[in-house]
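Engineer: Heads up, the sequence shown is in the numbering used here, so the first residue is 1 and it goes up one at a time.
The beta carbon of each residue, even a glycine, is placed where N, CA and C say it ideally should be.
Quick one: the structure is below, questions incoming.
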Amino acid sequence: MARPRTYKSEGIILKGIPLGEADRIVTIYTLGSGKLRLVAKGVRRSRSRMSGYLEPLTYVSISVAEGRNIDTITEVEIIQSFREIREDLLLVSKGLYFAEIVDKFTVDRSPGSAEFKLLFDGLGRLKASYTTDLALRYFEMQMLKITGFGPEIYQCVECHTELEVDSHGFSNLKGGILGSECRSKSSEPSAAISVGAIKLLRYLQNESYDRVMGLNIPEVLLVDVEKLLGSYIRYVLDKKIKSKEFIGLISS
Ligand SMILES: [Zn+2]
């Protein structure tokens with residue numbers, strides 16, 4: 001029997017799901033090849049040396065053997081364990097949320113160095129327990145921007161005139177802010193958005209992480225923006241999934 005072809009890669013573990021009795025399918029976001037789904041054999045047995053190395057949010061270097069349907073991890077080495085995150089429940093939940101966002105916004109084997117950098121930097125910054133939910137909003141907005149779904153927040157999505165300082169509407173369908181006048185004429189649903197929320201969205205889209213984290217944002221505004229971005233992301237991901245299915249249909 002011919003020996004399987006092997007290759008090396010490095011990346012951050014996004015998640016793992018059990019396979020059979022002792023194996024696991026590991027999803028890893030790699031620097032060179034984007035998202036990969038690989039089998040790790042025997043890792044759910046207690047004496048497996050690999051097991052602890054393949055936990056979510058670990059940055060590892062791996063050797064992989066090509067398989068007919070799915071490739072298999074043969075060796076793992078830790079590059080960065082991000083242990084500070086794992087030791088703090090609040091940080092773990094934030095880190096896992098980053099991983100989930102990356103997983104949902106990306107497709108298999110499509111290289112994305114910006115996505116990798118966003119995740120790596122995001123985890124690296126999650127060191128202090130004072131990291132607020134603003135970090136999550138920053139991550140969401142940056143991921144939208146990288147993947148081409150950054151919302152239009154300077155001009156009205158309908159008439160393209162610059163928005164006046166006022167409360168307006170946010171349209172998921174149109175991908176951004178609908179000026180108050182166009183909103184009143186529109187029959188499509190849009191969520192009300194305050195001046196403060198528009199400002200915060202602009203900060204999240206265009207300012208550095210440090211500047212954003214230095215802002216003192218009232219809780220009520222944070223909640224508003226969380227709802228707004230959450231609803232927009234659900235809309236975008238749904239559209240993405242449908243278009244992916246469509247691509248699958250026409251290429252089969
Ligand atoms: Zn308008």
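Could you say which of Y53, L90 and L96 lies nearest to E75 if we only look at CA atoms?
Structural biologist: As a working note, residue 75 is residue 75 in the sequence shown. Measuring C-alpha to C-alpha distances from E75 to each of Y53, L90 and L96 identifies Y53 as the nearest.
Engineer: Say the cut is 7 Å; is the CB of E188 nearer than that to a heavy atom of ligand 1?
Structural biologist: Taking the first residue of the sequence shown as 1, we reach residue 188 at position 188. Not under cutoff, so the answer is no.
Engineer: Less than 8 Å between the C-beta atoms of G196 and L215, yes or no?
Structural biologist: Start at 1 with the first residue of the sequence shown, and residue 196 comes out as number 196. Start at 1 with the first residue of the sequence shown, and residue 215 comes out as number 215. No, the pair does not count as a contact, with Cβ atoms beyond the cut-off.
Engineer: Out of R202, A40, R109 and D88, which has the shortest C-alpha to C-alpha gap to G20?
Structural biologist: By 1-based counting over the sequence shown, the position of residue 20 is 20. Nearest of R202, A40, R109 and D88 to G20, Cα basis: A40.
Engineer: Within 7 Å: the Cβ of G176 and any heavy atom of ligand 1?
Structural biologist: The count along the sequence shown starts at 1 and reaches residue 176 at position 176. Because no heavy atom of ligand 1 lies under 7 Å away, the Cβ of G176 does not count as near it: no.
Engineer: Can you list, in chain order, the residues of its chain with a C-beta nearer than 8 Å to that of V165? Leave out the 5 residues immediately preceding and following it.
Structural biologist: Mapped onto the sequence shown, residue 165 falls at position 165. So the qualifying residues of the chain are V195.
Engineer: For V60, list the residues DSSP reports as bridge partners.
Structural biologist: In the sequence shown, the residue the question calls residue 60 occupies position 60. BP columns for V60 point to G11 and I78.
Engineer: Residues in the same chain with beta-carbon distance under 6 Å from L118, minus the five sequence neighbours each way, listed in chain order, please.
Structural biologist: Here residue 118 corresponds to residue number 118 of the sequence shown, with the count starting at 1. Excluding positions up to five away in sequence, the list reads Q142.
Engineer: Quick check: is any heavy atom of ligand 1 less than 7 Å from the C-beta of E158?
Structural biologist: Along the sequence shown, read from residue 1 onward, the residue named residue 158 stands at position 158. Yes; taking the cut-off as 7 Å, the Cβ of E158 has a heavy atom of ligand 1 nearer than that.
Engineer: In whole angstroms, what separates the C-alpha of C159 from that of C182?
Structural biologist: The sequence position of residue 159 within the sequence shown is 159, counting from 1. The sequence position of residue 182 within the sequence shown is 182, counting from 1. Going by C-alpha positions, C159 is about 7 Å away from C182.
Engineer: The beta strand (DSSP E) that contains K145, what's its start and end?
Structural biologist: Position 145 of the sequence shown, counted from the start, is the residue given in the question as residue 145. For K145, there is no enclosing beta strand (DSSP E); the residue is found in the alpha helix (DSSP H) stretching over L134 to I146.
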